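Its first residue numbered 53, the sequence shown is counted upward by one per residue in the numbering used here.
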Amino acid sequence: MRMILAVVASVCLARAACAEEPSALPAADALLRDVRDRLPREELRIAGDLEVRGRKGVVIGRMNVEALIALGGDQPRARYTVRDALGGEIEELTVSRPAQGGAPQLAYRRGDPPAPAAAPGIHEAIGNSDLTWADLALAFLDWEGGRTVGRETYKGQECFLVDLPPPAEAASDGPGRPYARMRLWIHEALRMVAKLEAYDAEERLVRRMEIKALRRVNGRWMIKDMEVEGFPAVHKTRFRVRDVGGEFTYDGDGDD
Numbered sequence: 053m054r055m056i057l058a059v060v061a062s063v064c065l066a067r068a069a070c071a072e073e074p075s076a077l078p079a080a081d082a083l084l085r086d087v088r089d090r091l092p093r094e095e096l097r098i099a100g101d102l103e104v105r106g107r108k109g110v111v112i113g114r115m116n117v118e119a120l121i122a123l124g125g126d127q128p129r130a131r132y133t134v135r136d137a138l139g140g141e142i143e144e145l146t147v148s149r150p151a152q153g154g155a156p157q158l159a160y161r162r163g164d165p166p167a168p169a170a171a172p173g174i175h176e177a178i179g180n181s182d183l184t185w186a187d188l189a190l191a192f193l194d195w196e197g198g199r200t201v202g203r204e205t206y207k208g209q210e211c212f213l214v215d216l217p218p219p220a221e222a223a224s225d226g227p228g229r230p231y232a233r234m235r236l237w238i239h240e241a242l243r244m245v246a247k248l249e250a251y252d253a254e255e256r257l258v259r260r261m262e263i264k265a266l267r268r269v270n271g272r273w274m275i276k277d278m279e280v281e282g283f284p285a286v287h288k289t290r291f292r293v294r295d296v297g298g299e300f301t302y303d304g305d306g307d308d
């Protein structure tokens, strides 16, 4: 009888431990703060290539992106310049976040030579690609009120799963692309975003962003290569960082 009671007690304790596991996970806001804190704080100049491929893998568009960024710290700022394959400037967006918080401030120029113009929505796509300005600026790292819902192994690495409700101004990802929830896979050891998926109100997948490779600068990891795709799938966009300049020490690359 004692043996039976001991077994029953063990099962109950095991079930209780499982039930308590979600509360033992790190809070979503704290996780996102960890990710922000590990972004490079010094100003860096980044040059990258944006390539859009159709369903059959045929290249249907190429652009170059230059960025002057300082995304870490309390007042992240960045300027993104998009050029065509021949080097002609298409558009430029400057994004800064006020020290007191709130929506990001945008300044936009268009054309060659560039002239001031009405700023696009930060969640609008760049050209005919799947990449948005918010993707480049990692704007979702400022969203609050999320939940850490579990752990999952992604490409051999342990990740926390974080569900985020988008703020009101981010309730659509470009024209006709509403979504109600975003899920992040956050690398448990590196505190880097490894994957992102967005879903609409009916829980249908709207878009996916995957980090294919990382680069470490001054001991901090940053994105080197990422792929973005919208659903229903029309094309797929790859963004590769070609060069990083500034006051930095290049420590090496790594896959997520």
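Quick reminder that beta carbons are idealized off the backbone N, C-alpha and C, glycines included.
Predicted model only: the values in this text are computed from it and were never measured.
- Assignment of Trp-273 by DSSP, reduced to helix, strand and coil, places it in the strand class.
- By a beta-carbon distance limit of 8 Å, Gly-100 contacts Arg-294. Their separation comes to about 6 Å.
- Taking the Cβ atoms as the reference, Ile-121 lies roughly 12 Å from Leu-145, outside the contact range of under 8 Å.
- In the pairwise beta carbon analysis, the segment 179-189 is classified as not touching the segment 209-220: fewer than three pairs are separated by under 8 Å.
- The count of Cβ pairs closer than 8 Å, one atom from the segment 259-266 and one from the segment 227-247, reaches three, so the stretches are in contact.
- Linking Glu-254 to Trp-237 through their CA atoms gives a straight-line distance of about 21 Å.
- In the displayed model, Trp-237 falls within a strand according to three-state DSSP.
- For Phe-291, the three-state secondary structure derived from DSSP is strand.
- The beta carbon of Gly-113 sits closer than 6 Å to the beta carbons of Val-104 and Asn-180 from its chain, once the five residues preceding and following it are set aside; these are given in chain order.
- In this structure, Tyr-231 places its C-beta atom within 8 Å of the C-beta atom of Tyr-251.
- Asp-194 carries a helical assignment under DSSP once its states are collapsed to helix, strand and coil.
- Residue pairing by DSSP places Gly-113 opposite Val-104 in a beta bridge.
- Within the model, the alpha-carbon separation for Asp-86 versus Arg-243 is close to 6 Å.
- Out of Val-117, Ala-82 and Val-111, the CA that lies nearest to the CA of Asp-277 is found in Val-117.
- For the pair Ala-189 and Ala-130, the CB atoms are nearer than the 8 Å cut-off.
- Between Arg-107 and Ala-285, the beta carbon gap of about 7 Å places them in contact (Cβ cut-off 8 Å).
- If the five residues before and after Pro-156 are omitted, its C-beta is found closer than 6 Å to the C-beta atoms of Val-147 and Arg-149, all from its own chain and listed in chain order.
- Under the DSSP definition of a beta bridge, Val-214 partners with Thr-200 and Leu-236.
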